[in-house]
Every structure is written in C-alpha cells, then in structure tokens.
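Going down the list, the sequences are from chains A and B. 195 is the number that the UniProt record's numbering gives to position 195 of the first sequence; each next residue is one higher, with no gaps. 134 is the number that the UniProt record's numbering gives to position 134 of the second sequence; each next residue is one higher, with no gaps. Glycine included, each C-beta is placed from N, C-alpha and C at the ideal position. Predicted model only: the values in this text are computed from it and were never measured.
There are 2 protein chains.
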Amino acid sequence: MEPSHKPAAPPTGSTSPSGNGERKSDPSVPGAAPAGTAVPRGATRAQVEQAIRSSLLTGRFIPGKAVTLRGLAAELGVSPMPVREVIQRLAAEHALVVKSNGRVQVPEMTGARFDEILKARLLLEPEVAAMALPNLTKADADRLLRIDLDIDRCLGSGDAVGYMTLNHQFHFHMYRASGSQILLPLVESLWLQFGPYMRMVYGRVGTANLVDWHKQALRAIDTRDATALRQAIASDISDGMGMLGRDGLPNP
Amino acid sequence: MEPSHKPAAPPTGSTSPSGNGERKSDPSVPGAAPAGTAVPRGATRAQVEQAIRSSLLTGRFIPGKAVTLRGLAAELGVSPMPVREVIQRLAAEHALVVKSNGRVQVPEMTGARFDEILKARLLLEPEVAAMALPNLTKADADRLLRIDLDIDRCLGSGDAVGYMTLNHQFHFHMYRASGSQILLPLVESLWLQFGPYMRMVYGRVGTANLVDWHKQALRAIDTRDATALRQAIASDISDGMGMLGRDGLPNP
DNA sequence: GGCCTTTCTTTGTGATCACAACTTGAGAGC
DNA sequence: GCTCTCAAGTTGTGATCACAAAGAAAGGCC
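Listed below in structure tokens is the structure:
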C-alpha cells in the first residue's frame, strides 16, 4: 500500500508507464538513473527481489492478500517484466502461491502447514547450526552477542519489526558460517514461508520467551558444545513458533 | 539436440523463430493447435516445465552444460518467454544455477554438495515416509510392489533410465501419501539437485544394491512399523547414493 | 608463431503489445 | 426484490523488439 519503494514515479497520474515520450533511454528504472550511470546487469530484478523478499520476511504482506503483477510493478516503478520473474522464483520457493487460475497470493497459514514448518525447522536448523559451529570465530560470537543485545532492547521497547529483523539476522549469521549450499537454502525457504504469518506477532512481543535460548546458544558456541547448541536452537525454535501461536488456525 | 519436441518447425533453416509470416494466430504452440482447440491457461509453461524437470530427473542434462534461453526455446518449439520463467523457477529450487554474468548452467556436483544432499535426504525422507505410513492404503502397497517388480526387471536388463524413473516413482508415490505441503517440496528440490548427476549411474546399474531395501520398506508398511520404515528408507538412500559414488568428486 | 586488438555473434534483460480468461459491475427481465 | 445476463475492466501469458554486456573469432602487430 504505502508506495515507499517508488523511486521516481511519473508526475502524471498515469499508473501505466506506457505512453511516456522517452523510449528505451535506460533499461533499469524508467525516469530515474540519468542515462550514464553504469547499472550492472540484472540490477532491476535483484532490487525487486530484495524488496519483495524483505517485505515477506518482516510480515509486510498480509496472508491471503492477492498479489498482482502490474500492481507490484507500479508500486516498485518498474515494468511488469522483472516482477514476473521474481514472482516465479518466489512461487517456486513456496513464498507465494499461484492459484489454479494463475492468480498469485500470499499463502495463508493453516494448522497443518504450521505444524509441518515447525517440524522441518526442528529437523534442519539444529543440524545447520552444528555444521556452523567449527567455523564460528570469536568475531562471529561477538557479532551474535551484539545482535542479541539489540534484540533484548527491541523486546523491551516492544519493537516487533526490529525484533523480527534482528532474530533473522541472528540465526542466519550463525547458519551462514556452516558454508552449507544445500541445507541453508532449504531453511531460507522455510523462513520465507512463515514470514508473512509473523504479522501475528505484532503486539505480542515481550510476552513470551521466558528463557533466552540465544544466550544458551552463545554459551554453547563458547564451549564448542555441539549437542548444547543443537538443543538451544531447537528450544528457541519451539518457543519462537509457540509465541506465534498455532491456535485458531484452520486445520487443513 | 534431437528436436523431437518441435511440433512444426519452419521449413526454412532459420533457427530464430523471428521472421515467420504468421503472427499471433495461436498463443500456445506456433504452428500446431488448429486455432479452436481450447488450450488451458498457462499450458505452454506447464509443458516446458515438465519437459525440463524430467530431463533433469533422468539425467538427460549433463552437469556443467550451459543452458541457453533461446536454445531451449528453439528445442521445445516455443518462444523464449515461457522458458525464461521456468528457468527462474528451477534456479530458485537450485536445480539450475545462474552464474554471476546471468548465464545458466546445470550445476556441477562436488564432494561437499554430495555429502550435504545425502545428509539432507537422510534427515527429511525417513520423516516424510513415516508421515505417509498412516495414509498408505492396500492399493498403495500394491502399486508400490508393482513398481518395485518393474525396478527389478530394469536392474536385470541393465535399463538405467527405467530404473531411475521407477525409483523416483516408488519413493514419491509413497511420499505423496504423507499429504505434506512443506517437507515434500523440499525433498523434490533435493532430487532435482542430484538428478543430473544420476548420469553417472549409466552402466553401473545392477552392480550394487545387495540388500533390497524397497522390499524391507514394503514389509514395514504391511506391519505398520514406522521405525522399520524409517530405517529401510534411510538405508535405501545410503545405498543408492553409494551406488552413485562420491569418489573422484572435487572437494569444494 | 604468439599475443593483442577489433569486430561480429550470442545471450540475458527490460519493455511493450496482443490476446484470452477471469472478475466485477450494472442493467434488464421476471 | 432477486436473479440472470452481458459488457467493461483487470490480469496472466506468450511473443517480439531493442539494447548492453559478455564471448568468440578473425585479423594485425611485434
């Protein structure tokens, strides 16, 4: 809704970018980028993908909302073309669903989906964390500690978006150290799938998380205890998803 | 290479489909479908996706091979458009890789990737099988048995492609009964990733698989023994990947 | 002969167009 | 007043075009 991404919308009220006089001046953003700034190949698509991904991860797209090609394209100030490809990509990762008639929408959470995502996270993420453990340096531990302190601050002030963003950073800064090429993408796909549902967490931040499992994880990293790290991550996932809550979801 | 899919290539030697006189007669297949047969929406893309997916799963694409948009499009007799979207989709599932310059190629197998795929399969597939167990009917068990008998026949006659196709059918007919919406797609992504590497199995069919774990799995299904089923699937995966072989792969 | 430069070709990318299917809304008929 | 019908608008899909960047190949220079 909020067109915060639109870089330089045409001043005329024409939503459709067709009909403007200039043609093919700059293939990236029609209206910005004053024709001369070197734009790397495929830059537009990368920007579009990043914008949509972060919108999904922080819950800015509400589940069930219809996503239209031209709508998103206009919102981002680009042609429908790069949006098409990004949508295909995200649909393949099940971050978006294409219905039988081709319409695209943000997937709605169901009880069964919720349970399965929880199960999949519990299977994969402790393993990825354990893979990362030998590669985690002192600098990584420091970075993780700083992120966790910021998380505490967000929990204290009730900043839900900040909490979600930082929680994502905490987990993936650790996971990335695993050097995993297979398991890590699978985990990323899972986070994208419950991301939109995160919206439910608004206002609920600070009520749960009696035990700070991140601190336990940091201790396990310090002592190089893979079993303890696995346990801490598993507990963190269970508690975090518990905070989201499965109750009230349709069962199918 | 063999243009078996091309329905009605222009008689002229022009590889590029531009320049043909007829325009916009039928949006599906240019030259076929005599303008009146109802073609469901998005039919072309579905066909293209199916074609490429099965090529990947049965190892018809050799790892490292460059995949070009226009090349594939010409081979399938369609415009580059649907191929673009399918490629994006498959790249998102890591069945294809997009290099930094935008070029697309079939991913090459490395030792690390191989180990990780094996680990991921061992984590996920026994679980999916266990989820499927309560839903497996007598009819499913019969179907699985028939597939396995066909597998035995292929192993006897050294039919590698038949073996790979049927092995895929065996596993996924079972897995599909789980009704899983999250774990099953993850598993499918894994199969797509080691599919091209399956090519290595040509000629090696029949040398391994001393224990028939499929038969063990069928027995576990009969006795509704989840633990035994998990074990059978895990062993089947280990043996199957062992037949593919990790030796000789570059380590990174 | 080997290496560098230049040209031509190939290839991905973004934009736009045309079309069919779907959705939505208004209006006529009962 | 309700429902059915039909028209207008919306939306996804396939095709084609134009362009820039990256490769490949050919030619010239040392």
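- The beta carbon of E49 (chain B) sits closer than 6 Å to the beta carbons of V86 from its chain, once the five residues preceding and following it are set aside; these are given in chain order.
- S189 (chain B) has a beta carbon lying within less than 9 Å of a beta carbon in chain A.
- Nearest Cα to S54 (chain B) within the set B:T68, B:Q169, B:R219: B:Q169.
- Sequence-distant Cβ neighbours of K138 (chain A) in its own chain, meaning closer than 6 Å and more than five residues away, do not exist here.
- Following the DSSP letters along the chain, one finds V211 (chain A) in no alpha helix (DSSP H), marked with neither H nor E.
- Taking a 10 Å sphere around the C-beta of Y202 (chain B), we find fewer than 16 other C-beta atoms and assign the residue as exposed.
- The beta carbon of G102 (chain A) falls within 9 Å of a beta carbon belonging to chain B, placing the residue at that interface.
- Membership of F114 (chain B) in the alpha helix (DSSP H) is indicated by the continuous run 111-132.
- In this chain, P63 (chain A) is not harboured by any alpha helix (DSSP H), its DSSP state being neither H nor E.
- Cβ neighbours of A91 (chain B) within its own chain (closer than 6 Å, five residues either side excluded): V98.
- Using a 10 angstroms sphere on the CB of D236 (chain B), the tally of other CB atoms reaches 16 or more, which defines it as buried.
- Within its own chain, the residues whose Cβ lies closer than 6 Å to the Cβ of V106 (chain B), once the five positions on either side in sequence are excluded, are F61, P63, K65, P196, listed in chain order.
- Among the residues facing chain B, A228 (chain A) is not included, as its CB has no counterpart in that chain under 9 Å away.
- With a threshold of 16 other beta carbon atoms within 10 Å, P40 (chain B) falls short and is exposed.
- Flagged as an interface residue toward chain A: E93 (chain B), by a C-beta distance shorter than 9 Å.
- For Q88 (chain B), the chain A residues whose Cβ falls inside 7 Å of its Cβ are E85, Q88, R89, in order along the chain.
- With contacts defined by Cβ atoms closer than 9 Å, I117 (chain A) and Q193 (chain A) form a contacting pair.
- In the three-state DSSP reduction, V104 (chain A) falls in the strand class (E or B).
- In this model, R84 (chain B) and R45 (chain A) are separated by some 13 Å (Cα to Cα).
- Contact between L123 (chain B) and L124 (chain A) holds: their C-beta atoms lie close to 7 Å from each other, under 8 Å.
- Distance from the Cα of A51 (chain A) is smallest, within the candidate group A:L76, A:T223, A:R121, for A:L76.
- L155 (chain A) is classed as buried because its beta carbon has at least 16 other beta carbons within 10 Å across all chains shown.
- At the C-beta level, I233 (chain B) and A160 (chain B) stay beyond 9 Å of one another.
- Annotated as distal: A226 (chain A) and A217 (chain A), with beta-carbon spacing of 9 Å or more.
- Excluding residues up to 5 positions away in sequence, T110, G111 lie with their Cβ nearer than 7 Å to the Cβ of P250 (chain A) in the same chain.
- Neighbours of S180 (chain A) across chain B, judged by C-beta separation under 8 Å: E116.
- In this structure, Q181 (chain A) and R113 (chain B) form a Cβ contact; the two beta carbons are roughly 6 Å apart against a cut-off of 8 Å.
- The criterion of a C-beta distance shorter than 9 Å is satisfied by L244 (chain A) and M198 (chain A).
- Per the DSSP secondary-structure output, V98 (chain B) pairs in a beta bridge with B:V104.
- Excluding residues up to 5 positions away in sequence, S178, S180 lie with their Cβ nearer than 7 Å to the Cβ of M131 (chain A) in the same chain.
- Q47 (chain A) is outside the set of residues whose beta carbon lies under 9 Å from a beta carbon in chain B.
- With respect to P82 (chain A), R70 (chain A) sits apart: the two C-beta atoms are not nearer than 9 Å.
- In this structure, DSSP gives V161 (chain B) a helical state, which the three-state scheme calls helix.
- Buried is the label assigned to D148 (chain A), since at least 16 other Cβ atoms lie within 10 Å of its Cβ.
- Taking the C-beta atoms as reference points, L133 (chain B) is found nearer than 9 Å to R224 (chain B).
- Judged by beta-carbon spacing, D140 (chain A) lies beyond the 9 Å limit of D212 (chain A), meaning their Cβ atoms are not closer than that value.
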